Structures are given as C-alpha cells and as structure tokens.
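Peer 1: Structure in structure tokens, see below.
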Amino acid sequence: MRIDELVPPAVKAEFPDINPGDSVKVHVRIIEGDKERIQLFQGVVLRIRKGTDGGNFTVRRLSYGVGVERIFPFASPLIAKIEMTRRGRVRRAKLYYLRGLTGKAARIKEGDRETAT
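Residues in the sequence shown are numbered consecutively from 38, following my numbering.
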C-alpha cells in the first residue's frame, strides 16, 4: 500500500503550470506571533520535483547580491498564490548552473510555450 492511496496530496488546482526557467511570484503566508501577513518571494524556478506527497519546486532570486533559494511544497497551506510573470525557454530540467552565473550571463530567454488546458 502506498501513501498516496491512503492520503491524497492536497495540491491546489488554481496553481499555474510552472516549469523550470519560469519567473514566478510566490505569495507566502508569514505568521509572526498572532499576526499573519503575505510576503512575496519572486525569482526563477530552478527545479520541480514530483512525488507522492504532491512534490515541490525551488525558486532562486538575488537579494543584495547574494543568491537565495527557497523550496516550496506544492501541498503547503502557507502558499497563498503563485503568479507567473515570465515563461522561460530552457533546455534542461534542473537549472543548477545558474548558481555560478551573475548579471547578464544569468538571464534566461523568454519562451512562448503554450499552456496546457
């Protein structure tokens, strides 16, 4: 018996179809004490992992010249919304090579992939 048969992952259907190379804005719920607010994390999707738990995706951005990566589970209740800002055209599934690049070298060409409906 597999775990996804016992408890199906609670992946939200309203998330857009994201792929590596896409620029996204992830709206994350931050809970500080008894207050809750929404914080934006904007960056490039480096990888997507799929699994029985719903999977996760890694987003990378530069903050004051330092690369910051954050892993978001698709099934997380802390993700309020994911916005697609740009479609990227890449030829790899995992974009780890972006970690060593800065400036213009780290740019990704804009793609015109059709969204699956």
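Even for Gly, the Cβ is constructed at its ideal location relative to N, Cα and C.
Predicted, not measured: the structure shown is a model, and the values here were computed from it.
1. Quick check: the Cα distance between Gly92 and Val127, rounded to an integer number of angstroms?
2. Take Val65 as the anchor and find which of Glu120, Leu115, Asp149 has the nearest alpha-carbon.
3. If you compare alpha carbons, which of Met38, Ala117, Thr89 is closest to Glu73?
4. Short of 8 Å in beta carbon distance, which residues of its chain neighbour Leu43, apart from the five on each side in sequence? Order them along the chain.
5. Can you tell me whether Lys146 is buried or exposed? The criterion is at least 16 other CB atoms within 10 Å of its CB, across all chains shown.
6. Using a Cβ-Cβ cutoff of less than 8 Å, which residues in the same chain neighbour Leu77 once the five nearest sequence positions on both sides are dropped?
7. If you follow the beta strand (DSSP E) that Pro110 is in, where does it begin and where does it stop?
8. Within its chain, find whatever has a CB closer than 8 Å to the CB of Glu69; leave out the 5 residues flanking it on each side and keep chain order.
9. Based on DSSP bridge pairs, tell me the residues matched to Lys16.
10. Drop a sphere of 10 angstroms on the beta-carbon of Ser100, count the other beta-carbons inside from all chains shown, and report buried for 16 or more, exposed for fewer.
11. With a cut-off of 8 Å on the beta carbons, I'd call Leu83 and Leu132 a contact; round off their distance for me.
Peer 2: Short version:
1. Indexing the sequence shown from 1 puts residue 92 at position 55. Indexing the sequence shown from 1 puts residue 127 at position 90. The C-alpha of Val127 is placed about 21 Å away from the C-alpha of Gly92.
2. Sequence index remark: in the sequence shown, residue 65 carries index 28 (1-based). Considering only alpha carbons, the answer is Leu115.
3. For the purposes of this step, residue 73 is taken as the residue at position 36 of the sequence shown. Glu73 has its Cα closest to that of Ala117, out of Met38, Ala117, Thr89.
4. Locating residue 43 in the sequence shown gives position 6, where the first residue counts as 1. Listed in chain order, the non-local C-beta contacts of Leu43 below 8 Å within the same chain number zero, local neighbours out to five positions each way being set aside.
5. Along the sequence shown, one-based indexing puts residue 146 at 109. Flag for Lys146 reads exposed.
6. Your numbering for residue 77 matches position 40 in the sequence shown. Once the five neighbours on either side are set aside, the close Cβ partners of Leu77 are Lys62, Val63, His64, Val65.
7. For this step, residue 110 is matched to residue 73 along the sequence shown. Annotation: the continuous beta strand (DSSP E) that includes Pro110 extends over 103-110.
8. Taking the first residue of the sequence shown as 1, we reach residue 69 at position 32. No residues qualify anywhere along the chain.
9. The requested residue 16 is not part of the displayed model; the chain covers only 38 to 154.
10. Reading the sequence shown from its first residue, position 63 is the one you call residue 100. Burial call: exposed.
11. Taking the sequence shown and counting its residues from 1, the one referred to as residue 83 is at position 46. Taking the sequence shown and counting its residues from 1, the one referred to as residue 132 is at position 95. A Cβ-Cβ separation of about 5 Å places Leu83 in contact with Leu132 under the 8 Å criterion.
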